[in-house]
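A short worksheet on the structure shown next.
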Amino acid sequence: MTEHAISIQPQPSTVTASTLAELLKQTGTNTLQFTEALGINYRTAQRRIKEPETMTLVELWGLSALLRVSEDQLVKLIRDEVMNRPAPSEPVPAAPAEKKAPAPKQPGQPSDKKSGKA
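In my numbering, the protein residues as written are 7 to 124.
Next comes the structure, spelled out in structure tokens:
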């Protein structure tokens, strides 16, 4: 009879998270594990954590396998995070610059115009 090496997954546990960043923190997943599982570089990983709606399907599947969470649960978490994100505040338009009249010349100050010989 052939023996097979079988990995036994730990008992399922429940965590409460409202963002992808919280989920990663609660599961003890560091950025290196995240980048390797998704096949992305560090900068892209930072963006995916900050803006999870930019994640591709392949990345979502990799994250699902890494965390042992269903794709449906991840999609719901990401959707709720995006839908509940506060709208970015609009920048306040700058007031138009005031045009200042040139300062009056004081007696004894040299003129701005070059004097030419006639």
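Here a beta-carbon is modelled for each residue, glycine too, at the ideal position from N, C-alpha and C.
In this structure, the alpha-carbon of R53 lies about 30 Å from that of A100. Inter-residue distance for E57 and T20 is about 24 Å (C-alpha atoms, whole angstroms). When C-alpha distances from E28 are compared across S70, E87, K111, the shortest belongs to E87.
The alpha-carbon separation between T35 and S95 amounts to approximately 32 Å.
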